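These notes concern the structure reproduced below.
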Ligand SMILES: Cc1cc2nc3c(=O)[nH]c(=O)nc-3n(C[C@H](O)[C@H](O)[C@H](O)COP(=O)(O)OP(=O)(O)OC[C@H]3O[C@@H](n4cnc5c(N)ncnc54)[C@H](O)[C@@H]3O)c2cc1C
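Numbering (my numbering), first residue to last: 35 to 327.
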């Protein structure tokens, strides 16, 4: 896909980990943040803007997305270390951030290695696992607004909680971030990544298209356990199935539509509420339009 030009009618199933969804009315990947800023400043793109990182937490509906989809992964990939402050652009993968930081002899970044998204997506979601979260290590971020202005913001400008980050300045997107990890040992940090990835392979259905954990864990509980206890492992609608390996993952067996996945999400919520009196909240984001009938 050529960068720095606007494409029309691009199939979004190639840009999300569930491999479903319709087309983008307009579609753009930029190499450099200044190029992206210029597209926005000169009003060359149609609003609304939808930002996609690696699409690993997204259900894109079958009717597609109006306006412009800007994909961060594929461009905005600069990463460097300035006196143990890691600067990374939003399109860098979390796995790259983790490996790069370990190589620089910094610790605590291993948790990023198993998150198959971009830094931008991790900032937006406050992605995390095994007791660590993205914003634990953020010093400051660079945002872009709907005028194309680039603005540095402090961590204290955001309201940060479990898988949720609120920015009172609406219409801003993450362009880059500066992370501070404690000094550590390169070999130890690299081993930690290897162990974590092996653990994930054993516990998650990584051979199938999924978007990771579909639901947030309710307070003092686990979504996967609740779904499993309701007997839903293996439950199927069309080409979508509740993973038999990890009940909070929904897999695309190959021919799922976004609607199959959305239906199974609603069904799980209904059954868990009826049987456990707990309302499961989605972790994944649903975007786009339903197909008009
Ligand atoms: C196998 C698997 C395992 C996973 N494990 C974990 C895990 O352990 N922990 C965890 O937290 N998540 C996990 N996830 C979910 C997912 O990887 C994370 O939520 C990740 O942070 C999403 O990043 P992304 O780049 O793919 O974002 P996308 O899915 O592309 O987007 C997610 C949201 O972020 C917004 N967004 C993306 N980039 C930007 C930006 N630059 N500026 C503003 N908004 C933006 C999008 O508009 C969207 O609303 C897993 C997913 C899979 C498939």
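Think of the CB as a built atom: it goes at the ideal place given N, C-alpha and C, for glycine as much as any other residue. The structure presented is a predicted model; accordingly, all values stated were derived computationally and were not measured.
Pick helix, strand or coil for residue i, following the three-state DSSP scheme.
i           : result
residue 183 : coil
residue 281 : coil
residue 113 : strand
residue 60  : strand
residue 84  : strand
residue 92  : strand
residue 153 : helix
residue 324 : coil
residue 212 : strand
residue 256 : coil
residue 148 : helix
residue 131 : helix
residue 164 : coil
residue 178 : strand
residue 312 : coil
residue 328 : As shown, the chain starts at 35 and ends at 327. That puts residue 328 outside it, with no answer to give.
residue 140 : strand
residue 296 : helix
residue 50  : coil
residue 207 : strand
residue 188 : strand
residue 271 : strand
Any idea if residue i is buried or exposed, counting beta-carbon neighbours within 10 angstroms, 16 or more meaning buried?
i           : result
residue 96  : buried
residue 82  : exposed
residue 232 : exposed
residue 35  : exposed
residue 173 : exposed
residue 226 : buried
residue 313 : exposed
residue 137 : exposed
residue 67  : buried
residue 221 : exposed
residue 323 : exposed
residue 298 : buried
residue 229 : exposed
residue 43  : exposed
residue 87  : buried
residue 98  : buried
residue 3   : The requested residue 3 is not part of the displayed model; the chain covers only 35 to 327.
residue 207 : buried
Pull up the CB-CB distance for residue i and residue j, whole angstroms please, since I reckon it's below 8 Å.
i           : j           : result
residue 169 : residue 188 : The pair is not a contact, with the Cβ atoms about 12 Å apart (cut-off 8 Å).
residue 332 : residue 125 : Look at the range of the chain in this structure, 35 to 327, and you will see that residue 332 is not part of it.
residue 74  : residue 205 : That pair is no contact at about 10 Å.
residue 275 : residue 287 : 6 Å
residue 109 : residue 64  : 5 Å
Considering only the beta carbon of each residue, do residue i and residue j sit closer than 7 Å?
i           : j           : result
residue 260 : residue 310 : yes
residue 197 : residue 160 : yes
residue 318 : residue 258 : no
residue 281 : residue 93  : no
residue 215 : residue 143 : yes
residue 135 : residue 147 : no
residue 127 : residue 152 : yes
residue 55  : residue 62  : no
residue 140 : residue 268 : no
residue 248 : residue 284 : yes
residue 213 : residue 201 : no
residue 294 : residue 272 : yes
residue 264 : residue 199 : no
residue 84  : residue 105 : no
Between which two residues does the alpha helix (DSSP H) carrying residue i extend?
i           : result
residue 124 : No alpha helix (DSSP H) holds residue 124; DSSP gives it neither H nor E.
residue 73  : 67-75
residue 194 : First-last for residue 194: 192-195, but that is the beta strand (DSSP E), not the alpha helix (DSSP H).
residue 42  : First-last for residue 42: 41-45, but that is the beta strand (DSSP E), not the alpha helix (DSSP H).
residue 118 : Taken as a continuous stretch (DSSP letters only), residue 118 belongs to no alpha helix (DSSP H), as it is neither H nor E.
residue 224 : 220-237
Which residues bound the beta strand (DSSP E) around residue i?
i           : result
residue 102 : 99-105
residue 200 : 198-201
residue 274 : 274-276
Within the 7 Å Cβ cut-off, does residue i reach chain E?
i           : result
residue 307 : Here chain E cannot be found, since the structure has a single protein chain.
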